Every structure is written in C-alpha cells, then in structure tokens.
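As numbered in our numbering, residues -9 to 109 make up the sequence shown, in order. Glycine residues also receive a C-beta, built at the ideal position from the N, C-alpha and C atoms. None of the values given here were measured: they were computed from a predicted structure. The structure appears below as structure tokens.
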Amino acid sequence: MRKTRTALAVLALSAAALTGTTTGAAATDSSSTSRAAAAPCTVPDAFCATSGSGDQLVLHCGESALEPWSGVGYWDNRLPGGGIVKMFDYYGSVNHVAFADSGPTEINWSLVWALRTYC
C-alpha cells in the first residue's frame, strides 16, 4: 500500500511539473505581449505597483495592502504632499521606502510582503 501511495505521489508531482512547464512555455511565446503587460503604471495622486504580468495595485494615502506577487515588476509613487510608501518583508521589517515623486522603478516583488502609504 505504501509503494502505491508513493508511486501516485510521484505521478502527481510529475504531472504538475509537466503542466507548469507547458503553461510557462506558452506564456513566454508572445514576448511583445509580455513586455507591454509589464510596463509600469502611473496613476496621479496614488502609489501604483505593477506585476511582471501587468496586474496592478493602486494605493492612496493611508491605505495598506498585502503584496500578492513574486518576481520582477515596477512601482511608481505619485502620492500627494510628499507621501511615502514603506515596503515590508515577511518578518515585518521595512526593506524599502518609495520616496515622494519617484519612479517608475523596477523591483523584485518576491522580497516584499506588504505595503503601507504615509501621507
């Protein structure tokens, strides 16, 4: 029985790896789409974060959010009144500060777990 479970687990992992490989290959086939989607966003009077696939997260003064992405993306800080954004790591330590009127800047979102705006 134990060998059967182990064999099934190996098959499931192999299928998952194969599925991940094929979907990853399909996603990278269209390089023009990837580059366009990864462009930074700029939103007036807000902090705007962009994932590598083009998803956006917009925060205004006093807002916070868990950062849902990993990999390379961009941020652009256009908060009013000299507002800053603190980016926190998994342990709650500040690992980056986006100063007022800065960006777009490339960032590795894998190191950021949460964002908080201060205006």
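- Judged by DSSP secondary structure, residue 64 falls within the beta strand (DSSP E) whose first and last residues are 62 to 67.
- Burial check for residue 84: the Cβ neighbour count within 10 Å stays below 16, so the residue is exposed.
- Residue environment: residue 66 is assigned as buried (16 or more neighbouring CB atoms within 10 Å of its CB, all protein chains considered).
- Residue 59 places its beta carbon less than 8 Å from that of residue 45.
- Where residue 95 is concerned, the enclosing beta strand (DSSP E) starts and stops at 92 to 98.
- Of 31, 90 and 33, the smallest CA-CA separation from residue 108 is found for 90.
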